[in-house]
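Protein chains in written order, with the numbering used here: chain A, 1 to 541; chain B, 1001 to 1246. No residue lacks a Cβ here, since even glycine has one placed at the ideal position from N, Cα and C. A quick note: this is a predicted structure, and the numbers were derived from the prediction, not measured.
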């Protein structure tokens, strides 16, 4: 209650302002004494940590490391921390003391922190995204009675690696109850010196000064297109964007920072291939053949590494499926997969660093940044909106027809085919997202996502069973030693458990596919992609 | 919120020194604390370097319309605020006399502060009047500093009699020895004698201290600058004892 009566005013101060001059001005113009206890002034180097896609920053959370302390705190608490340079129960969400900082949530030991980080960063690794040397000074402003009437904290931050040597300056004026008139005078003096309340968040200004990026990486294509934009212009723009995302993931992939770099590398590549396959009419036939081959070759190179990554990530899930007695038997399998993964990673890394790869990806990037495609083709000049409506409706109708025929006896192959069709529809929606009214559009995406997640689990289980079955077959072919017998037994147990789960998942998929064929989804699709009211601009069809 | 008062009919017994240092101890212990300086001399306010309230509240101090919060000032210490004295406080009795329910007015005007503070300490002027009766009504405990001398004992007797005559709760009274000197045999004898006579006496005792005498020079609570361990221990002990009784 009481703290509400006291004000804390935080303002940015232009870089050229000398804090010492402000001290002089307070005495000269306001006749206030300034008492500075230099012993309490502090200097600290603080490292900011986040994932590649700034998972913490997105949630207004900040992970920091100072000497051997790791803290996770919210944005308003971060300012408190920087001004006080002391972690407290108030500004500290979680704090651990650690010599070697863990990268992944599962490497932290504190249960609360683990579960919080699990939600925030998922499979991503925390890495150093920048650092600053922070110094603060506390000035007590006193009247002629030597009574403190306000406290001003001056905060300055400088980047260690900043060549231009920009600095960030900020003040916090803490009022003392009953001295509002004096507070206004002090604030006015600071404002006269150039201090101001920034439009954007203070932390963003701080990061800007410290050269810490605040642009969030998102693998989803976000392009703004107009309904009349020719489709080829759109596809070129989209592929160019996805290629740049591919390039952005390369360093993390090569550095083996976390498995999401490869995942996103592959998602971006898949998106490019989907554009070329689904909108092939915008390019010449021979160009489509060539591009399919070239992008296909790039994708192939990382298939095996991704399979191994996924398998390792699911290790605990596999173990939990087996009774304790059979769990030990699986350990040689994971050891083997880990070794395979290490070898495969080196192969992929060398390939990414090879002249052959660099030349190819540079070349492709150049093609699409220079408006790729020669001569007019069937759709090259057609407005985006026309094609969007034709393609989305056609794809949806195909899925809808198939869902009407779904029964409990539908074959696994048919379910897989529908999964691929749904994926194609989802990609189309991503490509043309900016053309449609967002409310309904998001509802469609949500419905599709629920279905796709389910179908994805079903497919993953099929892949895993095939993978393990293949592994078991190989094991049986080679001579079965005593150690291998235990492994074979565990593999048998695991395949049985996974097959059981797959059967259950099959039922879930069938139910959800039937639901997706219901009239409410049809209506929503019609409202979103046929009715002109829901288009940003009226269709030209 | 609890309210304690430092009160004595006699002046110069260490009321203000106790009020200031107990307020400091209370805030230091984590309590949101407000020290109200009811004495027009404004000694408590002076010790905290807070100037007097020059303007009388528009509706008068004891009016329910008065917003006391506007007159409160932050001290140089965390969690400790001061409501400074004003020279117009000398007219408290006249103000109260003209009002209905004149002995419970203070209670009413302090009520809005109950969510803000854990403890309010009233530093009272040395007289028995309507203001004092308001203090007796409002306070959970009335701390009475007593110098172990005959005169001080006499004023304590007067106060006890007043409480009895006017049906105030005697259990609210908490006298304690103040400015006591270990080397003074007369003080030692008096302490024994008075304690026998008044079992309500607190166990804590505040001894005579040069550091307290120097508060006027430092203009800070003695505990904030004094090296004397026994002094700070004595006030902390007194504070703890009071807190267990309210």
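- Residues of the same chain with a CB within less than 8 Å of the CB of residue 404(A), apart from the 5 flanking positions on each side, are 517 in chain order.
- DSSP lists 64(A) and 95(A) as the beta-bridge partner residues of residue 71(A).
- Using a Cβ-Cβ cut-off of 7 Å, residue 148(A) counts as an interface residue toward chain B, since at least one Cβ of chain B sits closer than that to its own.
- Annotated as distal: residue 378(A) and residue 250(A), with beta-carbon spacing of 7 Å or more.
- Beta-carbon to beta-carbon, residue 1240(B) and residue 1145(B) are separated by about 17 Å, too far to satisfy the 8 Å threshold.
- Segment contact: the region 1174 to 1190 of chain B against the region 1137 to 1154 of chain B, three or more CB-CB distances shorter than 8 Å; contact assigned.
- For residue 176(A), the chain B residues whose C-beta falls within less than 7 Å of its own C-beta are 1074, listed in chain order.
- Counting the other CB atoms within 10 Å of its CB gives residue 448(A) a total of 16 or more, which places it among the buried residues.
- Inter-segment contact for the region 1018 to 1037 of chain B and the region 1105 to 1122 of chain B is present: three or more beta-carbon pairs are separated by less than 8 Å.
- Partner residues in a beta bridge of residue 1221(B), as assigned by DSSP, do not exist.
- Per DSSP, the unbroken beta strand (DSSP E) holding residue 1037(B) starts and ends at 1033 to 1037.
- Taking a beta-carbon distance threshold of 7 Å, residue 437(A) does not count as an interface residue toward chain B.
- Taking a Cβ-Cβ threshold of 9 Å, the residues of chain A close to residue 1050(B) are 145, 147 and 178, in chain order.
- Chain A places a beta carbon closer than 7 Å to that of residue 1081(B), counting this residue as a contact.
- Taken in chain order, the complete beta strand (DSSP E) segments of 3 or more residues contained in the region 1141 to 1193 of chain B are 1141 to 1146 and 1173 to 1180.
- The beta carbon of residue 236(A) sits closer than 8 Å to the beta carbons of 368, 371, 372 and 373 from its chain, once the five residues preceding and following it are set aside; these are given in chain order.
- Take residue 1198(B), set aside five residues on each side of it, and the residues of its chain with a beta-carbon closer than 8 Å to its own are 1156, 1160 and 1175, in chain order.
- In the three-state reduction of the DSSP assignment, residue 128(A) falls in the strand class.
- For residue 1121(B), the enclosing beta strand (DSSP E) starts and ends at 1119 to 1123.
- When beta bridges are read from the DSSP output, residue 1208(B) appears opposite no residue.
- Shown here for residue 179(A): same chain residues with a beta carbon closer than 6 Å to its own, the five before and five after excluded, namely 149 in chain order.
- Residues of the same chain with their beta carbon placed closer than 8 Å to that of residue 366(A) are lacking, with the five preceding and five following residues left out of the count.
- When secondary structure is reduced to three states using DSSP, residue 123(A) falls in the coil class, being assigned neither helix nor strand.
- Residue 1079(B) and residue 1013(B) have their alpha carbons spaced roughly 27 Å apart.
- Beta-bridge annotation (DSSP): residue 1081(B) is paired with 1034(B) and 1074(B).
- Per DSSP, reduced to three states, the secondary structure at residue 387(A) is helical.
- Per the coordinates, the alpha-carbon of residue 313(A) lies some 9 Å from the alpha-carbon of residue 259(A).
- Remark: fewer than three beta-carbon pairs, one from each stretch, lie closer than 8 Å, so the region 389 to 404 of chain A and the region 350 to 367 of chain A are not flagged as touching.
- Residue 1227(B) sits exposed, since fewer than 16 C-beta atoms from the chains shown fall within 10 Å of its C-beta.
- The Cβ atoms of residue 1076(B) and residue 1222(B) lie no closer than 7 Å to each other.
- Taking one beta carbon from each stretch, the region 452 to 465 of chain A and the region 415 to 424 of chain A have 3 or more pairs nearer than 8 Å; the two touch.
- In the three-state reduction of the DSSP assignment, residue 8(A) falls in the strand class.
- Pairing residue 1070(B) with residue 36(A), the inter-Cα distance amounts to about 29 Å.
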